[in-house]
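Asks:
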Amino acid sequence: MTPHPMPRRRTVLRAGAGSVAATALVAGCGSDDDGPGGTARSASPSTPPAATPSSPAAAPSPLARTADIPVGGGTVFADEKVVVTQPVAGEFKAFSAVCTHQGCTVAKVADGTIDCPCHGSKYRIADGSVAAGPAPRPLPEERIKVSAGTITLA
Numbered sequence: 003m004t005p006h007p008m009p010r011r012r013t014v015l016r017a018g019a020g021s022v023a024a025t026a027l028v029a030g031c032g033s034d035d036d037g038p039g040g041t042a043r044s045a046s047p048s049t050p051p052a053a054t055p056s057s058p059a060a061a062p063s064p065l066a067r068t069a070d071i072p073v074g075g076g077t078v079f080a081d082e083k084v085v086v087t088q089p090v091a092g093e094f095k096a097f098s099a100v101c102t103h104q105g106c107t108v109a110k111v112a113d114g115t116i117d118c119p120c121h122g123s124k125y126r127i128a129d130g131s132v133a134a135g136p137a138p139r140p141l142p143e144e145r146i147k148v149s150a151g152t153i154t155l156a
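As numbered in the numbering used here, residues 3 to 156 make up the sequence shown, in order.
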């Protein structure tokens, strides 16, 4: 019995473009030489990926205590790339600490603004909007949770 030659990927794609079966077949195609140091993998459509047992997610560590964020000011958390402000008593806001001008990390919060040391951009603590350029757009808002006197990233 003569073995049938395997169709080329191009032929499979043309024959079944848009078909789920063709997509599954193509996903399993590959070569044994994925480049230097490459890892050739084979896919088996009948074997689902192994499920890993899910464990309850650990509670995120608090960024700060609410008492540590000054009213009318804020604190930069450089490791987390976030800045938390308290524009008015009891109102906490969080923004990305990455300047929208060229990606520097903002360095301080003073006089009602979040300040970038690289090129002088300043953002308002109440909403992250640009107070002084060259920043082209506001700091993106980050989600936080304020509970029992602590502030955590949400």
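The beta-carbon is built from N, C-alpha and C at its ideal position, and this holds for glycine as well.
What you are looking at is a predicted structure, and each value in this text was computed from that prediction instead of being measured.
#1: Go through its chain and collect everything with a Cβ distance to residue 147's Cβ below 6 Å, but skip five positions before and after it.
#2: Which term fits residue 157, buried or exposed, when burial requires 16 or more other beta carbons within 10 angstroms of its beta carbon?
#3: Mind checking who residue 76 pairs with in its DSSP beta bridge?
#4: On the criterion of 16 or more Cβ atoms from any shown chain inside 10 Å, does residue 104 qualify as buried, or is it exposed?
#5: Leaving aside the five residues before and after residue 75 along the sequence, list all residues of the same chain whose C-beta is less than 6 Å from its C-beta, in chain order.
#6: Keeping to the same chain, check which residues put their C-beta closer than 8 Å to that of residue 69; ignore five residues upstream and five downstream.
#7: Determine the DSSP secondary structure at residue 113, reduced to helix, strand or coil.
Replies: Here's the rundown:
#1: Result list for residue 147: 154, 156, in chain order.
#2: This structure cannot speak to residue 157, because the chain is shown only from 3 to 156.
#3: Bridge partners of residue 76: 87.
#4: A residue is called buried when at least 16 other Cβ atoms come within 10 angstroms of its Cβ; residue 104 does not meet this threshold and is exposed.
#5: 111, listed in sequence order.
#6: Apart from the 5 residues on each side of it in sequence, residue 69 sits with its Cβ closer than 8 Å to the Cβ of 151 in its chain, given in chain order.
#7: Note: residue 113 maps to coil in three-state DSSP.
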